[in-house]
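The structure appears right after this line, and notes come after that.
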Amino acid sequence: MRQRDFLLHISPEVRVPLFRRLAQAIAQSIREGRLRPGDALPGSRQLAGQTGANRKTVVEAIRELEAEGWVLSEPNRGTYVAPVLPERALPDAPGGIESPRSEVAGFEVPGHLDPLSAQVPGALYLAEGFPDPRLAPAAALAKGYQRALHRHGNRLLDFGEPMGSSHLREGLAGWLSARGGYPVQADEVLVTRGGTAAIALLGLALLEPGDSVAVEEPGNRQAWDALAQRGNIRLVPVRVDQEGLDPEDLERVLTRQRIRALYLTPRRQYPTTVPLSPARRRRILALSEHHGFAILEDDLDAEHGFQETLDPPLAMEDLGRRAIRVVSFSHLIAPGLHLGCVVAPAHLVDRLARLQRNLGWQGDRVLGWAVAELIRDGDLARQLRRARLVYGDRMVRLMNRLRGCFGSALAWDPPRGGLALWIRPGLPVSTAAWVMAARVRGLVLHSPSHFFLNGEGAGLRLGFAQHDLPTLDEAVLRLEAALEDAAAIASRGR
């Protein structure tokens, strides 16, 4: 791989964080052709020495460049300029009125606040895997919403109970008890604005600056970012394999440092979809009891199973009450439904409710009442049964199309449930380059580095649940064309 000597002209504007100025300087070198597609960037140590920045600042700059599509990072290859640059791949932004006002904040913005990824108009999004909103019980939800306003509008439009309406908490407690196999009381349920908000709230409540949190790797970057809102939190990766999180690797971590909490997706690991094996569930609970760390159990996609019986929550086996459960209705019914809950001991729920009230994070109480009606009337259970059949068909269709187009070049384990397929590519081109070429073709996926804390790893998550069968067929055709594009670019760079 080519590595060119180049000078970086870093802006002296001290109001802009150094990592952002460094990223801007590298991007400008790419725009001006001093760094070309395929060129290798110097290592973080060399860049730190060249610029006078520390290595952490350099790593933050590289992460920002990767998020914006300027560079790719791969194991055993390092970081290099992307074959297709973002300013060529995406349409220009519409023009506006020139203003003398600065485009950046006049104060330092914390480095853990990453920018939003650029959106691609008209693209197919397979990056995550969400429920199909077309399958949501919209008519029943609208009826419940209207009934709630008509009968209880004055009460529901007031501030209300900090823990969420008792009507919804009682409904959730009954539903969680019936499906989880263990009793849940209404005073153990806190209604939140969604699963991610619940994780951020738990991070603010349970963690102190400097604390360490063990997380799965590959894992859920959105949850990592939510936990990082506490500031100065150290995320420690723990290996995941075909049986879920590896407790032996967790033990190795625990011998080196104190862990305040473990973020875990035991029923449907994100992003691989594998369930945590029974033996590992017991071992992790024992480690939590012995070392005194909390378990943040995220029920992400757990209720979407392709078999009659679902894996039970870890909290069912947790006699020591160390597991705190998070449930998200955006992953249960539809992505736009910003509603979730925390299931925890009542004394913790009371403290979480106070913190949530102080932050102003209470959700839509009318929506909460309508969802309680869905639970009471059986609409939620019927929707999940229907969705299970539809999502199962879509999963089979995607696997058949991938097998027909790529043969043995892609490997996967058929999931027992979930909303996505975890792919292990064995291709002649890098997965990161393939993802970039797919984006140009109008197909948005996460680069493998999205799921790994250090940016190095392999794997691709293809979300199938939100797309109908013809759309999945089109997505696979775009994947196939993108692979040809990436191979052609790679051959020109040799």
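Numbering (this note's numbering), first residue to last: 872 to 1365. For each residue, glycine too, the CB sits at the ideal point set by N, CA and C.
The continuous alpha helix (DSSP H) containing residue 1016 extends over residues 1009-1027.
By the Cβ criterion, the region 1344-1351 is not in contact with the region 1123-1132, since fewer than three pairs of Cβ atoms, one from each stretch, lie closer than 8 Å. Along the length of the region 1030-1054, whole alpha helix (DSSP H) runs at least 4 residues long occupy 1037-1051, reported in chain order. Between the region 1300-1309 and the region 1158-1165, the count of Cβ pairs shorter than 8 Å is below three; the stretches do not touch. Distances from the CA of residue 993 to each of 1018, 1314, 1328, 1320 were compared; the closest alpha carbon is that of 1314.
The C-alpha of residue 1061 is placed about 14 Å away from the C-alpha of residue 1169.
Between the alpha carbons of residue 1310 and residue 1220 lies a gap of roughly 43 Å. Residue burial annotation: residue 1054 is exposed, with fewer than 16 other C-beta atoms found within 10 angstroms of its C-beta. Between residue 1045 and residue 1185, the alpha-carbon positions lie close to 18 Å from each other. Judged by beta-carbon spacing, residue 1011 lies within the 9 Å limit of residue 1244, meaning their Cβ atoms are closer than that value. Under the three-state reduction of DSSP, residue 1110 is assigned to strand. Secondary structure at residue 1159: helix, using DSSP grouped into helix, strand and coil. Distance from the CA of residue 899 to the CA of residue 893, rounded to the nearest whole angstrom, comes to 10 Å. Taking C-alpha positions only, residue 1178 is separated from residue 1288 by approximately 8 Å. Between residue 1334 and residue 1016, the CB-CB gap reaches or exceeds 9 Å. Between residue 1196 and residue 1114, the alpha-carbon positions lie close to 20 Å from each other. The shortest CA-to-CA distance from residue 1317 to any of 1082, 1093, 1342, 1147 is the one to 1093. Taking the Cα positions, residue 1066 is about 7 Å away from residue 1210.
Judged by their CB atoms, residue 1234 and residue 1035 are nearer to each other than the 9 Å cut-off.
When DSSP states are grouped into helix, strand and coil, residue 1250 belongs to the helix group. DSSP places residue 1262 within a helical segment (H, G or I) once states are collapsed to three.
For residue 1330, the closest alpha carbon among the candidates 1240, 1336, 1182, 1292 is that of 1292. Comparing alpha carbon positions, the residue from 1298, 1101, 1351 closest to residue 1312 is 1351. Collapsing the DSSP output to three states places residue 1356 in a helix. A Cβ-Cβ contact shorter than 9 Å links residue 954 with residue 909. Residue 1260 counts as exposed, since fewer than 16 other C-beta atoms from the protein chains shown sit within 10 angstroms of its C-beta.
Around the beta carbon of residue 1088, 16 or more other beta carbons sit within 10 angstroms, so the residue counts as buried. Taking the CA atoms as reference points, residue 1263 sits about 34 Å from residue 1018. Residue 1063 holds the alpha-carbon nearest to the alpha-carbon of residue 1225 among 883, 1063, 916.
If you draw a straight line from the Cα of residue 1042 to the Cα of residue 1239, it is about 10 Å long. DSSP places residue 1350 in the helix class (H, G or I) of the three-state scheme.
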